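**Student:** Residue numbers (mature numbering (1 follows the signal peptide of the UniProt record, and there is no 0)): -17 to -1, 1 to 514.
The structure under discussion is supplied below as structure tokens; questions concerning it will follow.
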């Protein structure tokens, strides 16, 4: 029996950002483009509406309200600000989580921990806390009326605090220019980035009591003044109101003139940059998109970021094989159609061929299964600018003959007009890295178990488990080696197992094998046990 291995099919290059599967990019793409709803982490729901603060929808109000969106953008900048472009130190690396940084005068308030609260549960071996802080700034901007911002992954969480480096509002303009230059921004870019960062949010009296007066009945989230009159919308009002003289920005017309830092920044080039941003909303949006992408891409020397994470038009999700106790193989999973509209006449089918079908065979038997969809199987991005529809089932789609396997697959979509579209990554096809390694239904309790085809050239099978530190940061994945256990069954499959001290973990883990000397990771996240 010939098994499909990772190197047996050369996938053609396509116009897509990347070719599925890629475990790291798949994970980042999901977080980036499934921001709310079905199969999403739902962080974006906490900026719905954009004047929302903390976890409760009750924690919202009128002008002066503290907002999650404002916290998320501020956290990203303060985490990045210690960057030294010459030394290559600092940058967006989640060092803001350290109490030593939070205790500095340059980082007043508890915005940092409030932001980490929303992303900590999403961390895994492919998604660091630093990636999460960057993504929150993107979500806050895009879901509150702002422009689309390029997002990359691959940031590495710092293991110790960075040097100080966030400019403070009582510093002179020369100090501001020097700080932003150290970070990699010109004077004009400094002006624009400050305006972008203050397009949403407010200054709270609890954090800056000498800048904003406390309301008699105020709390930490409703005693403050917004940077502009549309403090829950990402727009250029912060620039417009400054230029036309109607601004309420407490860092321009605050109680303490020595802390009117926005005023000094905006005036530093004779108001040229801020006026241009006030006169052209499109210029403001494109400038903010560019500068905020650069801000979150500012990382320490040696950190290599991924490509910009673009949405896959057609994306398999958790498509996996499971070897059952009765000797059959279960296929399960779903597919997402990006930026789609509902059509009750639409049918979606998954079509595949056997792994034993030779490349030179004129005809290979096709198998197909219809994928279900309900009205609840919808995710979205950027406050419904994009709506994504899901088809399939997370626990069962079809039974696969283990002696024939599962080879290349594609999807066929009929909108009810009789014309069938073949969705196959622009001709590249969809292919599991291997059907010779899969999760075993015997995984239970303290036992990790993977079923392996005994005639595939597999020399090593191991687990890569998520490894999150106590301070909610990403550590290198924990590697758990599996060993061959017993003889192959009638289908030619043998179990590779190990026993661990804890029960099968609730955190995610990946299944990895070395096949013909090459690393192969299955495109699935595993969190469950079968008993």
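Built from N, CA and C at the ideal position, the CB exists for glycine as well.
Remember, predicted model here, so these are calculated numbers, not experimental data.
Considering only DSSP beta bridges, list what residue 5 is partnered with.
**Tutor:** As a position in the chain shown, residue 5 is number 22, starting the count at 1. BP columns for residue 5 are empty, so no partner.
**Student:** What is the DSSP secondary structure of residue 31, counted as helix, strand or coil?
**Tutor:** In the chain shown, counting from the first residue as 1, residue 31 sits at position 48. Correct three-state label for residue 31: coil.
**Student:** Could you pull the start and end residues of the alpha helix (DSSP H) that residue 173 belongs to?
**Tutor:** As a first step, residue 173 must be located in the chain shown, where it is residue number 190. Here the alpha helix (DSSP H) through residue 173 covers 170 to 180.
**Student:** Would residue 319 pass as a contact of residue 335 if the rule is Cβ separation under 9 Å?
**Tutor:** Here residue 319 is taken as the residue at index 336 of the chain shown, counted from 1. Here residue 335 is taken as the residue at index 352 of the chain shown, counted from 1. No, these two residues do not count as a Cβ contact at 9 Å.
**Student:** Starting from the C-beta of residue 74, find all residues in its chain whose C-beta is less than 7 Å away, skip the five residues before and the five after it, and write them out in chain order.
**Tutor:** By 1-based counting over the chain shown, the position of residue 74 is 91. Correct list, in chain order: 63, 66, 281, 282, 283.
**Student:** Any idea what DSSP makes of residue 478, helix, strand or coil?
**Tutor:** For the purposes of this step, residue 478 is identified with residue 495 of the chain shown, where counting begins at 1. Here residue 478 sits in strand by DSSP.
**Student:** Could you name the residues of the same chain whose beta carbon sits closer than 7 Å to that of residue 24, not counting the 5 residues immediately before and after it, in chain order?
**Tutor:** In the chain shown, the residue the question calls residue 24 occupies position 41. Cβ neighbours of residue 24 beyond the five flanking positions: 14, 105.
**Student:** Below 6 Å CB to CB, which residues in the same chain sit around residue 91 once its five sequence neighbours on both sides are set aside?
**Tutor:** Locating residue 91 in the chain shown gives position 108, where the first residue counts as 1. Cβ neighbours of residue 91 beyond the five flanking positions: 190.
**Student:** Taking residue 257 as the reference, which of 455, 372, 249 has the closest Cα?
**Tutor:** Taking the chain shown and counting its residues from 1, the one referred to as residue 257 is at position 274. The candidate whose alpha carbon is nearest that of residue 257 is 249.
**Student:** Counting pairs of beta carbons, one from the region 422 to 440 and one from the region 366 to 373, are three or more of them closer than 8 Å?
**Tutor:** no
**Student:** Between the region 133 to 145 and the region 72 to 88, can you find at least three pairs of beta-carbon atoms closer than 8 Å?
**Tutor:** yes
**Student:** Are residue 366 and residue 126 touching if we call contact CB-CB under 9 Å?
**Tutor:** Reading the chain shown from its first residue, position 383 is the one you call residue 366. Reading the chain shown from its first residue, position 143 is the one you call residue 126. Residue 126 is positioned such that its CB atom lies closer than 9 Å to that of residue 366.
**Student:** If I measure Cβ to Cβ from residue 247 and keep anything under 6 Å in the same chain, skipping five residues before and after, which residues do I get?
**Tutor:** Within the chain shown, the letter at position 264 stands for residue 247. If we look at residue 247 and ignore the five residues flanking it on each side, its Cβ neighbours are 156.
**Student:** Over the uninterrupted beta strand (DSSP E) stretch that includes residue 364, give me the two end residues.
**Tutor:** The residue labelled residue 364 in the question sits at position 381 within the chain shown. That run of the beta strand (DSSP E) goes 361 to 364.
**Student:** Where residue 475 and residue 306 are concerned, what is the direct C-alpha to C-alpha distance, given to the nearest angstrom?
**Tutor:** Within the chain shown, the letter at position 492 stands for residue 475. Within the chain shown, the letter at position 323 stands for residue 306. Between residue 475 and residue 306, the C-alpha separation is close to 12 Å.
**Student:** Within 10 Å of its beta-carbon, does residue 404 have 16 or more other beta-carbons around it, so buried, or fewer, so exposed?
**Tutor:** To locate residue 404, count along the chain shown from 1; it is residue 421. That one is exposed.
**Student:** Spell out the partners DSSP gives residue 110 in its beta bridges.
**Tutor:** Sequence index remark: in the chain shown, residue 110 carries index 127 (1-based). DSSP output for residue 110 lists 107 as bridge partner(s).
**Student:** Could you give the C-beta distance for residue 252 and residue 230, rounded to a whole number, given that I count them as a contact under 8 Å?
**Tutor:** As a working note, residue 252 is residue 269 in the chain shown. As a working note, residue 230 is residue 247 in the chain shown. With 8 Å as the limit, residue 252 and residue 230 do not qualify as a contact, their Cβ atoms being about 18 Å apart.
**Student:** Does the separation of the CB atoms of residue 115 and residue 361 fall below 9 Å?
**Tutor:** Against the chain shown, residue 115 aligns to sequence position 132. Against the chain shown, residue 361 aligns to sequence position 378. Not closer than 9 Å, so no.
**Student:** Put residue 229 into one of helix, strand or coil per three-state DSSP.
**Tutor:** Within the chain shown, the letter at position 246 stands for residue 229. In the structure shown, residue 229 sits in coil (DSSP, three-state: anything other than H, G, I, E or B).
**Student:** Let's see if you can read the secondary structure: which residues bound the beta strand (DSSP E) around residue 97?
**Tutor:** Locating residue 97 in the chain shown gives position 114, where the first residue counts as 1. Looking at the DSSP string, residue 97 is not in any beta strand (DSSP E); the run it does join, the alpha helix (DSSP H), is 94 to 102.
**Student:** Nearest-angstrom Cα distance between residue 194 and residue 99?
**Tutor:** Position 211 of the chain shown, counted from the first residue, corresponds to residue 194. Position 116 of the chain shown, counted from the first residue, corresponds to residue 99. Going by the C-alpha atoms only, they are around 26 Å apart.
**Student:** Strictly by DSSP, which residues pair up with residue 413?
**Tutor:** The sequence position of residue 413 within the chain shown is 430, counting from 1. Its beta-bridge partners are 392.
**Student:** Here's the rule: buried if 16 or more other CB atoms are within 10 angstroms of the residue's CB, otherwise exposed. What is residue 88?
**Tutor:** Residue numbering aside, residue 88 sits at position 105 when the chain shown is read from its first letter. Looking at its Cβ environment, which holds fewer than 16 other Cβ atoms inside 10 Å, residue 88 is exposed.
**Student:** Among 34, 69, 300, 68, which one has its Cα closest to the Cα of residue 55?
**Tutor:** In the chain shown, counting from the first residue as 1, residue 55 sits at position 72. Per the Cα distances, 34.
**Student:** In this structure, how does DSSP classify residue 451 when only helix, strand and coil are distinguished?
**Tutor:** Counting from 1 along the chain shown, the entry for residue 451 is found at position 468. Three-state result, residue 451: strand.
**Student:** Confirm, please, whether the CB-CB distance from residue 395 to residue 380 is below 9 Å.
**Tutor:** The residue you call residue 380 lines up with position 397 of the chain shown. The residue you call residue 395 lines up with position 412 of the chain shown. No; because the gap between Cβ atoms is not below 9 Å, this pair is not in contact.
**Student:** Going straight from the alpha carbon of residue 16 to that of residue 2, what length do you get?
**Tutor:** As a first step, residue 16 must be located in the chain shown, where it is residue number 33. As a first step, residue 2 must be located in the chain shown, where it is residue number 19. Rounded to the nearest angstrom, the gap between the Cα atoms of residue 16 and residue 2 is 16 Å.
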